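Enquirer: Attaching a single structure in structure tokens format; questions to follow.
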């Protein structure tokens with residue numbers, strides 16, 4: 085995961101917020117993915133307007149967790165989403 | 008599929024089964040909704056658009072469209088276009104008889120998936136169930152869809168008449184570049200009257216279970232988790248998705264747990280007019296359905312595979328909710344139905 089990159093949903097993928105985290109729907113199956121991310125990531129993060137580093141920082145400010153802990157967890161999640169072809173990296177510049 | 012997260016309760020259905028009209032140009036003997044003539048009070052175009060708006064706002068991902076025959080509605084393709092504008096996938100279940108080249112051109116969209124119904128691999132076996140001339144017209148529809156490379160499956164309701172034709176139906180699907188899907192016959196609509204004559208025997212259900220294992224590419228939706236063997240685990244749901252992953256809106260806008268439980272006692276609300284979120288989250292009908300436990304099945308060795316099977320079949324055969332699905336693999340092995348019921 086790159087901290088200076090934003091992430092967008094792949095074409096044909098949608099996401100919505102649920103109590104456990106995020107629910108992804110991939111039209112290409114169709115297939116569902118349940119991501120137990122709790123409140124770490126909002127579904128609008130995948131509109132690509134915020135870079136991962138900003139998410140780490142804002143979650144740190146709001147919840148007081150160490151940045152490294154947040155970064156490690158977010159990194160695991162993004163690697164999984166990338167490997168499943170649900171999102172793609174979109175460098176801001 | 009993660010049962011754990013589904014059991015925690017989703018904010019909205021993943022899929023909405025939406026029967027857009029009762030009107031149908033065929034009169035199939037096993038029709039789940041007793042379709043035929045358009046009925047008073049069916050949703051208008053603007054009301055249908057409201058339903059789409061509501062589902063989009065609730066982030067419902069997919070519609071399973073049925074009826075009746077959806078294509079008899081003059082506004083149907085416009086409504087589908089509107090759903091696609093909102094990013095909603097539409098899986099359209101049709102008898103196929105009204106699909107021509109022009110219609111196929113309108114359906115050529117990445118968010119369209121078509122299910123065309125056939126109940127026999129020849130006119131001789133199909134038409135007595137679905138109507139004279141329907142087989143020939145369905146084949147024409149399949150040609151039109153194939154020309155445009157539209158995602159399509161042939162959908163067959165498993166009955167004692169269609170069971171011997173499964174191999175040939177699967178071959179027919181391949182010849183049109185289509186997938187093959189088998190659906191469960193349920194005793195709702197006109198299926199109530201034809202149930203005893205058409206429902207598969209226990210032996211056929213067992214043989215079908217083996218057939219499914221040998222044909223992993225055949226899909227079943229949520230129809231057959233009660234008879235799926237271990238090797239198909241993960242290929243679909245292993246529990247009823249009603250009120251958890253899906254629900255049904257009737258042509259009148261009435262909301263029910265599923266298409267096979269459109270009975271007054273399962274009425275949960277009406278669209279448009281009521282808050283769908285309130286219906287989904289707070290309706291007593293949906294609440295009690297989510298709590299439903301098929302107690303008599305809990306000691307069964309297959310409970311983790313089926314959780315009691317299809318509640319609708321249990322309801323329709325026993326006239327009460329909470330009874331087990333009589334077509335489960337364990338029952339088929341140990342309890343053969345009386346000969347009279349399968350004659």
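Chains as they are written, first to last, in this note's numbering: chain A, 85 to 177; chain B, 8 to 350. Don't be surprised by glycine CBs; every beta carbon is placed ideally from N, CA and C. Note that the coordinates shown come from a computational prediction; the quantities given were computed from them, not determined experimentally.
#1: With 9 Å set as the bound, which would you pick, yes or no: does the beta-carbon of residue 211/B sit closer than that to a beta-carbon of chain A?
#2: Assuming residue 188/B and residue 162/B make a contact with CB atoms under 8 Å, what is their CB distance in whole Å?
#3: Contact defined as beta carbons within less than 8 Å: I believe residue 172/B pairs with residue 132/B. What is the distance between those atoms, to the nearest angstrom?
#4: Can you find a C-beta in chain A that's less than 9 Å from the C-beta of residue 68/B?
#5: Decide if residue 164/A is buried, meaning its Cβ has at least 16 other Cβ atoms within 10 Å, or exposed.
#6: Starting from the Cα of residue 88/A, find the closest Cα among 168/A, 159/A, 169/A and give me that residue.
#7: Alpha helix (DSSP H) containing residue 55/B: first to last residue?
#8: In the DSSP output, what is residue 105/A paired with across the bridge?
#9: So with CB distances below 9 Å, who are the chain A contacts of residue 321/B?
#10: Does the Cβ of residue 346/B have 16 or more other Cβ atoms within 10 Å, making it buried, or fewer, making it exposed?
#11: Using the rule of at least 16 other Cβ atoms within 10 Å of the residue's Cβ for burial, across every protein chain shown, is residue 245/B buried or exposed?
#12: Taking any Cβ of chain A, which residues in the segment 244–258 of chain B have a Cβ under 7 Å from it, in chain order?
#13: Quick check on the burial criterion: 16 or more other C-beta atoms within 10 angstroms. Buried or exposed for residue 37/B?
#14: Got a sec: is the Cβ-Cβ distance from residue 368/B to anything in chain A below 9 Å?
#15: Counting along the chain, where does the alpha helix (DSSP H) carrying residue 10/B start and finish?
#16: Among all the DSSP beta bridges, which residues are the ones paired with residue 165/B?
#17: What residues of chain A sit near residue 94/B, judged by a beta carbon separation below 7 Å?
#18: Answer yes if the segment 132–152 of chain B comes into contact with the segment 35–50 of chain B, meaning at least three C-beta pairs across the two stretches below 8 Å, and no otherwise.
#19: According to DSSP, is residue 117/B helix, strand or coil?
#20: Please check the pair residue 301/B and residue 193/B, which I expect to be a contact at CB under 8 Å, by giving their CB distance rounded to whole angstroms.
#21: Taking Cβ positions only, does residue 107/A come closer than 9 Å to chain B?
#22: Output, in chain order, the set of chain B residues within a Cβ distance shorter than 9 Å of residue 129/A.
#23: For a contact meaning CB atoms closer than 9 Å, what does residue 18/B contact in chain A?
#24: Going by C-alpha to C-alpha distance, which of 166/B, 176/B, 160/B, 264/B sits closest to residue 185/B?
#25: Classify residue 169/A: buried if its beta carbon has 16 or more other beta carbons within 10 angstroms, exposed otherwise.
#26: Quick check: is the beta carbon of residue 91/A nearer than 9 Å to any beta carbon in chain B?
#27: Excluding the 5 residues flanking residue 117/A on each side, which residues of the same chain have their C-beta closer than 6 Å to its C-beta?
#28: Going by DSSP, which residues form a beta bridge with residue 151/B?
#29: Select from the segment 69–93 of chain B all residues with a C-beta closer than 8 Å to any C-beta belonging to chain A, and list them in chain order.
#30: Does DSSP put residue 98/B in a helix, a strand or coil?
#31: Can at least three beta-carbon pairs, one atom from the segment 125–145 of chain A and one from the segment 98–105 of chain B, be found at a separation below 8 Å?
#32: In the DSSP assignment, find the unbroken alpha helix (DSSP H) run with residue 157/A in it and report its ends.
#33: When the Cβ atoms of the segment 21–32 of chain B are set against those of the segment 69–84 of chain B, are three or more pairs found closer than 8 Å?
#34: Could you work out which residues of chain A lie near residue 15/B, taking near to mean beta carbons separated by less than 7 Å?
#35: In this structure, how does DSSP classify residue 71/B when only helix, strand and coil are distinguished?
Expert: Reading from the atomic positions:
#1: no
#2: With a Cβ gap of about 5 Å, residue 188/B and residue 162/B count as contacting.
#3: 6 Å
#4: Judged by the 9 Å Cβ criterion, residue 68/B is in contact with chain A.
#5: exposed
#6: 159/A
#7: 52–64
#8: Paired residues: 102/A.
#9: Near residue 321/B there are no residues of chain A at all, since even the closest Cβ is about 26 Å away, more than 9 Å.
#10: The pLDDT assigned to residue 346/B is 43, lower than 50, so where the model puts this residue is not dependable; a value taken from the coordinates is nonetheless given after this. Burial call: exposed.
#11: buried
#12: none
#13: buried
#14: Given that chain B is displayed from residue 8 to residue 350, the structure contains no residue 368/B and the question cannot be resolved.
#15: Segment 10–14, the alpha helix (DSSP H) holding residue 10/B.
#16: 191/B
#17: Ordered by position in chain A, the residues that pass the 7 Å Cβ test against residue 94/B are 98.
#18: Segments in contact, yes.
#19: In this structure, residue 117/B counts as coil in the three-state DSSP scheme.
#20: With a Cβ gap of about 16 Å, residue 301/B and residue 193/B do not count as contacting.
#21: yes
#22: None at all; the shortest Cβ gap to chain B is about 15 Å.
#23: 100, 101, 102, 103, 107
#24: Per the Cα distances, 160/B.
#25: Flag for residue 169/A reads exposed.
#26: Residue 91/A does not count as touching chain B.
#27: In its chain, beyond the 5 residues on either side, 108 have a beta carbon closer than 6 Å to the beta carbon of residue 117/A.
#28: DSSP, once it has assigned bridges, lists no residue as partnering residue 151/B.
#29: Taking 8 Å as the Cβ-Cβ cut-off, the segment 69–93 of chain B approaches chain A at 69, given in chain order.
#30: strand
#31: The segment 125–145 of chain A vs the segment 98–105 of chain B: no contact.
#32: 151–167
#33: yes
#34: 103, 104
#35: Reduced to three states, the DSSP call for residue 71/B is strand.
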